[in-house]
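K.L.:
Protein sequence lines, in the order shown, are assigned to chains A and B. Note that our numbering gives residue 148 to position 81 of the first sequence, counting from 1, and the numbers run on in steps of one. Note that our numbering gives residue 124 to position 57 of the second sequence, counting from 1, and the numbers run on in steps of one. One structure is given below, represented as structure tokens, and several questions about it will come after.
There are 2 protein chains.
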Amino acid sequence: AAAPRTVRMGSLKVRAESEASTTPAVVLNPSIKKDVDKVVDTVLVSDLSKPLTAYCRCWRSGTFPLCDGSHAKHNKATGDNVGPLLVKK
Amino acid sequence: AAAPRTVRMGSLKVRAESEASTTPAVVLNPSIKKDVDKVVDTVLVSDLSKPLTAYCRCWRSGTFPLCDGSHAKHNKATGDNVGPLLVKK
Ligand code: FES
Ligand code: FES
């Protein structure tokens with residue numbers, strides 16, 4: 068009985084160390100749709116009205132899922148380098 | 068001369084408090100293209116090969132700007148609720 072228990076604890080420890088070194092444990096989205104498990108948005112290309120539409124990837128936009136330029140304030144405040152995804156017709 | 072200086076300091080203090088309360092000072096992107104000031108990607112809809120393509124908004128994908136499902140690990144580790152942008156033809 069001792070062997071399986073030791074193996075399982077080792078496996079969990081390795082997994083925790085890997086997450087800490089590769090993915091900082093920070094919440095990316097502090098405020099958008101926090102009542103849903105996962106925020107997924109869909110763009111139907113036939114509904115695009117403009118030649119170019121910018122979609123937010125910083126989770127700071129007041130018009131999410133669209134980009135409203137808020138990434139600039141976030142980048143300046145934190146030294147980050149995030150920006151939108153542009154969808155071009 | 069004293070009045071303008073006091074006003075300016077007050078204004079700066081208010082701005083700093085507002086940023087702290089609305090936008091946690093966390094880096095969203097720890098590793099993608101950190102040599103560029105702002106990571107912006109462009110999707111040309113005429114180049115889309117599949118009916119549905121998922122684009123990453125968690126900055127943890129190994130196939131960025133595409134989503135590879137890494138948001139699930141991030142959400143589980145942090146309690147976050149981020150997910151991709153789906154572009155549908
Ligand atoms: S406002 Fe979020 S990427 Fe522009
Ligand atoms: S891997 Fe980043 S949103 Fe899916």
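Beta carbons are placed, not taken as given, at the ideal position from N, Cα and C, and that holds for glycine. If you're wondering where the values come from, they're calculated on a predicted model, not measured in any experiment.
Within the 8 Å Cβ cut-off, does glutamate 84/A reach chain B?
P.N.:
One-based indexing of the first sequence puts residue 84/A at position 17. Model confidence at glutamate 84/A stands at a pLDDT of 42, short of 50, so the residue's coordinates are unreliable; what they give is reported in the following sentence. It does not: the Cβ of glutamate 84/A has no partner Cβ on chain B nearer than 8 Å.
K.L.:
Would you list, in sequence order, the uninterrupted beta strand (DSSP E) runs of no fewer than 3 residues that lie entirely inside the region 104-135 of chain A?
P.N.:
Runs found: 106-111 and 119-122.
K.L.:
Per DSSP, what kind of secondary structure is lysine 140/A in: helix, strand or coil?
P.N.:
Here residue 140/A refers to the residue found at position 73 of the first sequence. Three-state result, lysine 140/A: helix.
K.L.:
At a CB-CB cut-off below 7 Å, which residues of chain B make contact with aspartate 104/A?
P.N.:
Here residue 104/A corresponds to residue number 37 of the first sequence, with the count starting at 1. Ordered by position in chain B, the residues that pass the 7 Å Cβ test against aspartate 104/A are Asn148.
K.L.:
For the region 115-141 of chain A, enumerate the residues whose C-beta is nearer than 9 Å to any C-beta of chain B, in chain order.
P.N.:
Listed by position along the chain: Leu115, Leu119, Ala121, Tyr122, Cys123, Arg124, Cys125, Trp126, Arg127, Pro132, Ser137, His138, Ala139, Lys140 and His141.
K.L.:
Between which two residues does the beta strand (DSSP E) containing valine 149/A stretch?
P.N.:
Taking the first sequence and counting its residues from 1, one reaches residue 149/A at position 82. Element bounds for valine 149/A: 149-155.
K.L.:
Give every residue of the same chain whose Cβ lies closer than 6 Å to the Cβ of alanine 83/B, excluding the five residues on either side of it in the sequence, and list them in chain order.
P.N.:
Taking the second sequence and counting its residues from 1, one reaches residue 83/B at position 16. Only weak support is given to the placement of alanine 83/B: the predicted model assigns it a pLDDT of 43, under 50, and the value that follows is read from those uncertain coordinates. There are no such residues.
K.L.:
Classify threonine 130/B as buried or exposed, calling it buried when 16 or more other Cβ atoms lie within 10 Å of its own Cβ.
P.N.:
Here residue 130/B refers to the residue found at position 63 of the second sequence. Looking at its Cβ environment, which holds fewer than 16 other Cβ atoms inside 10 Å, threonine 130/B is exposed.
K.L.:
For alanine 121/B and cysteine 134/B, what's the separation of their Cα atoms in angstroms?
P.N.:
Numbered from its first residue, the second sequence carries residue 121/B at position 54. Numbered from its first residue, the second sequence carries residue 134/B at position 67. If I take the Cα positions, the gap works out to 5 Å.
K.L.:
I think alanine 92/B touches alanine 144/A, with their Cβ atoms under 8 Å apart; what is that distance to the nearest whole Å?
P.N.:
Mapped onto the second sequence, residue 92/B falls at position 25. Mapped onto the first sequence, residue 144/A falls at position 77. With a Cβ gap of about 6 Å, alanine 92/B and alanine 144/A count as contacting.
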